[in-house]
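Visitor: Residues 1326 to 1923 in my numbering are what the sequence shown spells out, letter by letter. Questions regarding the structure given below will be posed in turn.
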Amino acid sequence: MDVDAECKKPRFKRWLANLLIVFMMITSLLTFTLIPLSDSSSTLNSQQVFESSRWHSLQLQLQTYRLMDYLSDLSEADLPVNGNAYFQYDLVLSRVDLLRKGDLGSNIRNFANGRAVRLLNIIAGELELISLNIQRLEQGQLDQTEIIVDRLRSLDSQITDFVVIVNQGANDFITEKRHDLDVQLAYIQMVSLVLFVISSTLLYVTYKVSKELRQTLRRNTRLEERIDAVQAGKVDIISRIVNDIKPIFTNLISHSNTLKSTASDAKVQEHLEHLSTQSNQLLTQLDCYYDLTLIEANRMSSVTNEGNLRAHINYAVSALERVFLTHQVRAIAHVDPRLPELVETDFRRLHEILITLISHLAPYCHHSELLIQVRPSTLPIFNLPEKHGNKATKMVQISLRDSGEGLPNKVQVGLRKNPYNPANTIIGQIHQMGMGFTFCHYLIGALGGELHFSSSQGAGTEIWIDLPMGLDDAKTQAADKSASKRAKVAIWQSDSLLDQAFLSLLQQLNHQVDLFTEGDLTRLLQQKNLQTLPFECIVITDKSALDEEQVELIERLQAFGSQIIVAASVIEDLPRIKADKTYHYPVTAAQLEALLLS
1326 MDVDAECKKP
1336 RFKRWLANLL
1346 IVFMMITSLL
1356 TFTLIPLSDS
1366 SSTLNSQQVF
1376 ESSRWHSLQL
1386 QLQTYRLMDY
1396 LSDLSEADLP
1406 VNGNAYFQYD
1416 LVLSRVDLLR
1426 KGDLGSNIRN
1436 FANGRAVRLL
1446 NIIAGELELI
1456 SLNIQRLEQG
1466 QLDQTEIIVD
1476 RLRSLDSQIT
1486 DFVVIVNQGA
1496 NDFITEKRHD
1506 LDVQLAYIQM
1516 VSLVLFVISS
1526 TLLYVTYKVS
1536 KELRQTLRRN
1546 TRLEERIDAV
1556 QAGKVDIISR
1566 IVNDIKPIFT
1576 NLISHSNTLK
1586 STASDAKVQE
1596 HLEHLSTQSN
1606 QLLTQLDCYY
1616 DLTLIEANRM
1626 SSVTNEGNLR
1636 AHINYAVSAL
1646 ERVFLTHQVR
1656 AIAHVDPRLP
1666 ELVETDFRRL
1676 HEILITLISH
1686 LAPYCHHSEL
1696 LIQVRPSTLP
1706 IFNLPEKHGN
1716 KATKMVQISL
1726 RDSGEGLPNK
1736 VQVGLRKNPY
1746 NPANTIIGQI
1756 HQMGMGFTFC
1766 HYLIGALGGE
1776 LHFSSSQGAG
1786 TEIWIDLPMG
1796 LDDAKTQAAD
1806 KSASKRAKVA
1816 IWQSDSLLDQ
1826 AFLSLLQQLN
1836 HQVDLFTEGD
1846 LTRLLQQKNL
1856 QTLPFECIVI
1866 TDKSALDEEQ
1876 VELIERLQAF
1886 GSQIIVAASV
1896 IEDLPRIKAD
1906 KTYHYPVTAA
1916 QLEALLLS
């Protein structure tokens, strides 16, 4: 029974909704029907001014009698009349004109027959003839009074007939229009009754709908409370799991580092280093899962503190050395010198974003270059406080640009979705583009930042992350390097992403740097009377493979006293190259500075 009742409820709600729609349509239709009815009734009611036609016809008769009385009482003593006869005569003619012209004349023609019109024309013609007698009377000829009175008496029967006809036509017209008004009033009463029934039904439906709405709102409130409770429970469980697992991995990392320092076998040290790196990544992933749970429960809060941005970026990038080695990614990190060293931000979450995003980006830039740049952003600040701690809030951009194969289409579609749209659930994003990209996308949004990207198959990917940070004005770093420590460095140009990054890093370290192509170096060595090279050392960038001519060129440069700085991976593949110094990926400013000053 309960199941049947629950099944019937949706059908009943749909029936109520459909009934409400139908009633609203009928109400609208009837409301529009009332408009012409009301307008027609108003017109009919306004036409009742035809009562004035009877009044004016009687006034015509009365003014005729008054003119006759005036003429009958006229004597020699009243001469000259001084226009009084014209005045009395004009009063009669004015009544005739009112009955013939305007709305009054139209009404008489509508409800009276042709006889009334003919009588009115006869009366008007006779009165026009009397005007000659009135003129003579004004000139003092009293003999005209009898003539005028006789003519007026002859018109008396026509005026009486005209009054009777107008009165009878007016009565008939009134009766007809009142009948029409009664019919329309009956229609209005019927429509009003239907509207009353519909309004009563709508009131009932509204009551039922409001009752259902209140129940739905209460049910939604209870569901939201249950969801919040489930989210809180999930956060608590994940928190306990993270807190229980973290000490295990911490101890594992500590033991690995201890064994690595005591082990003499290089293979054992390599395995211990790999174990330590994997444990650190697992710790970071645990923090990611916990933060993602907090974001889903809307409980994440940013914990900001002041720190050295360059040191944190170099640490995060260096922690991914094993990832870069696995995928043979030649990476370099560069922090713009315009940024101050000390900033205020959530460094733990920043570390999670960098580690996770680069780890998941590395498989798509296998055996290629990756340039990591941190620079000021031109993105404006919206819906954020002007101050970030004690510093001004500004956007900082982290750019990840590679020359790999590009992101898959499903990842690109997922990254283009708005993480704030309720339709884009976290679990749906995870199914589409995996845990790592989903976590970074949501965490960047939760920190008040934005993620943008550009990717095409075979042309690589560039991801821009804009995050708000507390920044002071960048101070120019003092370059108190002694002349003996300031080296002249050449960069063997390879037309890759890394050339300009190496150039910027070395210039930032206050070294004098020049770019040389392979042809430039060949022509330089072919010069006669060449005693010394214009540089002290040369950095060979992005040379994953060297041919025999390039190896010979390197040996000739060494013969002229130039130090050779090359990647450690190149030395492993070509042991015959006797490099003076080697660097390893990922390249950072700290590594280059230590390398050149050693």
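Even for Gly, the Cβ is constructed at its ideal location relative to N, Cα and C. These numbers come from a predicted model, not from an experiment.
To which residues does DSSP link Pro1793 through a beta bridge?
Guide: For the purposes of this step, residue 1793 is taken as the residue at position 468 of the sequence shown. Answer by DSSP bridge pairing, in chain order: Met1720.
Visitor: Roughly how many angstroms separate the alpha carbons of Lys1559 and Thr1618, rounded to a whole number?
Guide: In the sequence shown, residue 1559 corresponds to position 234, counting from 1. In the sequence shown, residue 1618 corresponds to position 293, counting from 1. Taking the straight line from one Cα to the other gives about 7 Å.
Visitor: Can you tell which of Ile1472, Tyr1614 and Pro1405 has the C-alpha that lies nearest to the C-alpha of Gly1755?
Guide: Counting from 1 along the sequence shown, the entry for residue 1755 is found at position 430. In the sequence as presented, Gly is not what sits at residue 1755; that position holds Ile. The candidate whose alpha carbon is nearest that of Ile1755 is Tyr1614.
Visitor: For Ile1896, which residues of its own chain have a beta-carbon under 8 Å away from its beta-carbon, when the five flanking residues on both sides are left out?
Guide: Mapped onto the sequence shown, residue 1896 falls at position 571. Contacts found: Ile1902, Ala1904 and Thr1907.
Visitor: Could you check the C-alpha separation between Glu1861 and Ile1657 for me, to the nearest Å?
Guide: Taking the first residue of the sequence shown as position 1, residue 1861 is located at position 536. Taking the first residue of the sequence shown as position 1, residue 1657 is located at position 332. Cα-Cα distance, rounded: 23 Å.
Visitor: With a CB to CB cut of under 8 Å and the five nearest residues on each side skipped, what residues in its chain are close to Leu1828?
Guide: By 1-based counting over the sequence shown, the position of residue 1828 is 503. Hits under 8 Å: Ile1816, Val1838 and Leu1840.
Visitor: Counting only the same chain and skipping the five closest in sequence on each side, list residues whose C-beta sits under 6 Å from that of Ala1511.
Guide: Position 186 of the sequence shown holds residue 1511. So the list is empty, once near-sequence residues are dropped.
Visitor: Quick one: grab the DSSP three-state call for His1692.
Guide: Within the sequence shown, residue 1692 is the residue found at index 367, counting from 1. Correct three-state label for His1692: coil.
Visitor: Check whether the segment 1678-1689 touches the segment 1762-1782, counting contact only when three or more Cβ pairs, one atom from each stretch, lie closer than 8 Å.
Guide: Output reads yes: the segment 1762-1782 touches the segment 1678-1689.
Visitor: Considering only the beta carbon of each residue, do Leu1732 and Tyr1689 sit closer than 8 Å?
Guide: Here the question's residue 1732 lines up with position 407 in the sequence shown. Here the question's residue 1689 lines up with position 364 in the sequence shown. Yes. Within cutoff.
Visitor: Between the C-alpha atoms of Ala1826 and Asp1553, what's the straight-line distance to the nearest angstrom?
Guide: Numbered from 1 along the sequence shown, position 501 holds the residue referred to as residue 1826. Numbered from 1 along the sequence shown, position 228 holds the residue referred to as residue 1553. Taking the straight line joining both Cα atoms gives about 48 Å.
Visitor: Just reading off the alpha helix (DSSP H) that Thr1526 is part of, what are its end residues?
Guide: Translated into positions along the sequence shown, residue 1526 becomes position 201. Here the alpha helix (DSSP H) through Thr1526 covers Gln1469 to Thr1587.
Visitor: Rounded to a whole number of angstroms, what is the C-alpha to C-alpha distance between Ala1557 and Met1758?
Guide: Numbered from its first residue, the sequence shown carries residue 1557 at position 232. Numbered from its first residue, the sequence shown carries residue 1758 at position 433. C-alpha separation (whole angstroms): 26 Å.
Visitor: Excluding sequence positions up to five away, which residues of its chain have a Cβ less than 6 Å from the Cβ of Glu1843?
Guide: As a working note, residue 1843 is residue 518 in the sequence shown. Contacts found: none.
Visitor: In terms of residues, what are the limits of the beta strand (DSSP E) holding Asp1845?
Guide: By 1-based counting over the sequence shown, the position of residue 1845 is 520. Unbroken run through Asp1845 is the alpha helix (DSSP H), Glu1843 to Leu1850; no beta strand (DSSP E).
Visitor: What residue range does the beta strand (DSSP E) around Leu1776 cover?
Guide: Position 451 of the sequence shown, counted from the first residue, corresponds to residue 1776. Element bounds for Leu1776: Glu1775 to Ser1781.
Visitor: Can you give me the Cβ contacts of Ile1570 inside the same chain, cut-off strictly under 8 Å, excluding the 5 residues immediately before and after it?
Guide: Your numbering for residue 1570 matches position 245 in the sequence shown. For Ile1570, where only same-chain residues beyond five positions count, the Cβ hits under 8 Å are Leu1611.
Visitor: Considering only their Cβ atoms, is the gap separating Arg1674 from Asp1616 smaller than 8 Å?
Guide: For this step, residue 1616 is matched to residue 291 along the sequence shown. For this step, residue 1674 is matched to residue 349 along the sequence shown. Cβ distance < 8 Å, so Asp1616 and Arg1674 count as in contact.
Visitor: Using C-beta distances below 7 Å, list every residue in its chain close to Glu1666, excluding the 5 sequence neighbours before and after it, in chain order.
Guide: Taking the sequence shown and counting its residues from 1, one reaches residue 1666 at position 341. Excluding residues within five positions, the ones whose Cβ falls inside 7 Å are Asn1633, Leu1634 and Arg1635.
Visitor: From Ala1915 to Asp1820, what distance separates their C-alpha atoms?
Guide: Position 590 of the sequence shown holds residue 1915. Position 495 of the sequence shown holds residue 1820. Cα to Cα, Ala1915 sits roughly 24 Å from Asp1820.
Visitor: Grab the span of the alpha helix (DSSP H) containing Arg1655 for me, first residue to last.
Guide: Sequence index remark: in the sequence shown, residue 1655 carries index 330 (1-based). Premise fails: Arg1655 lies in the beta strand (DSSP E), Arg1655 to Val1660, not in any alpha helix (DSSP H).
Visitor: Rounded to a whole number of angstroms, what is the C-alpha to C-alpha distance between Thr1801 and Leu1600?
Guide: Translated into the one-based positions of the sequence shown, residue 1801 becomes position 476. Translated into the one-based positions of the sequence shown, residue 1600 becomes position 275. Residue placement at Thr1801 cannot be trusted, given a pLDDT of 43 that sits under 50; what the coordinates show is reported in the next sentence. Straight-line Cα distance between these residues: approximately 41 Å.
Visitor: In whole angstroms, what separates the C-alpha of Glu1471 from that of Arg1478?
Guide: For the purposes of this step, residue 1471 is taken as residue 146 along the sequence shown, with counting starting at 1. For the purposes of this step, residue 1478 is taken as residue 153 along the sequence shown, with counting starting at 1. Going by the C-alpha atoms only, they are around 10 Å apart.
Visitor: Does the distance from the CB of Gln1687 to the CB of Val1648 come in under 8 Å?
Guide: Translated into the one-based positions of the sequence shown, residue 1687 becomes position 362. Translated into the one-based positions of the sequence shown, residue 1648 becomes position 323. Before going on, a small fix: residue 1687 reads as Ala here, not Gln. Yes, these two residues count as a Cβ contact at 8 Å.
Visitor: Taking contact to mean at least 3 C-beta pairs separated by less than 8 Å, is the segment 1502-1509 in contact with the segment 1410-1418?
Guide: Verdict: no, contact absent.
Visitor: Since Asn1458 and Ile1473 are thought to touch, with beta carbons under 8 Å apart, how far apart are those beta carbons, to the nearest angstrom?
Guide: Here residue 1458 is taken as the residue at index 133 of the sequence shown, counted from 1. Here residue 1473 is taken as the residue at index 148 of the sequence shown, counted from 1. Going by Cβ atoms, the distance from Asn1458 to Ile1473 rounds to 5 Å, so yes, they are a contact pair.
Visitor: Please classify Thr1786 as buried or exposed, where buried requires at least 16 other C-beta atoms within 10 Å of its C-beta.
Guide: On the sequence shown, position 461 is the one that residue 1786 refers to. Under this definition Thr1786 is a buried residue.
Visitor: In this structure, what does DSSP give as the bridge partners for Arg1881?
Guide: As a working note, residue 1881 is residue 556 in the sequence shown. Beta-bridge pairing links Arg1881 to no other residue.
Visitor: Alpha carbon to alpha carbon, how far is Thr1750 from Ala1771?
Guide: The residue given as residue 1750 occupies position 425 in the sequence shown. The residue given as residue 1771 occupies position 446 in the sequence shown. The alpha-carbon atoms of Thr1750 and Ala1771 are separated by roughly 14 Å.
Visitor: Does DSSP put Gly1840 in a helix, in a strand, or in coil?
Guide: In the sequence shown, the residue the question calls residue 1840 occupies position 515. The identity of residue 1840 in the sequence shown is Leu, whereas the question assumes Gly. Residue state, collapsed to three classes: strand.
Visitor: Cβ of Leu1931 within 8 Å of Cβ of Thr1352?
Guide: Outside the displayed range of the chain (1326 to 1923) lies residue 1931, so it cannot be described from this structure.
Visitor: Of the choices Arg1476, Val1628 and Ala1622, whose alpha-carbon is the least far from that of Glu1550?
Guide: Reading the sequence shown from its first residue, position 225 is the one you call residue 1550. It is Ala1622 whose Cα lies nearest to the Cα of Glu1550.
Visitor: If we call anything under 8 Å between Cβ atoms a contact, is Val1421 one with Leu1480?
Guide: For the purposes of this step, residue 1421 is identified with residue 96 of the sequence shown, where counting begins at 1. For the purposes of this step, residue 1480 is identified with residue 155 of the sequence shown, where counting begins at 1. Cβ distance not < 8 Å, so Val1421 and Leu1480 don't count as in contact.
Visitor: Going by the beta-carbon positions, is the gap between Asn1605 and Ile1563 smaller than 8 Å?
Guide: Here residue 1605 refers to the residue found at position 280 when the sequence shown is read from its first residue. Here residue 1563 refers to the residue found at position 238 when the sequence shown is read from its first residue. Their beta carbons are not under 8 Å apart, which means Asn1605 does not touch Ile1563 by this criterion.
Visitor: Around the Cβ of Leu1921, are there at least 16 other Cβ atoms within 10 angstroms (buried) or fewer (exposed)?
Guide: Within the sequence shown, the letter at position 596 stands for residue 1921. The residue is buried, with at least 16 neighbouring Cβ atoms inside 10 Å.
Visitor: List the whole-angstrom C-beta distance separating Leu1695 from Leu1830, where the pair is believed to meet the contact cut-off of C-beta under 8 Å.
Guide: Here the question's residue 1695 lines up with position 370 in the sequence shown. Here the question's residue 1830 lines up with position 505 in the sequence shown. Wrong, their Cβ atoms sit about 15 Å apart, outside the cutoff.
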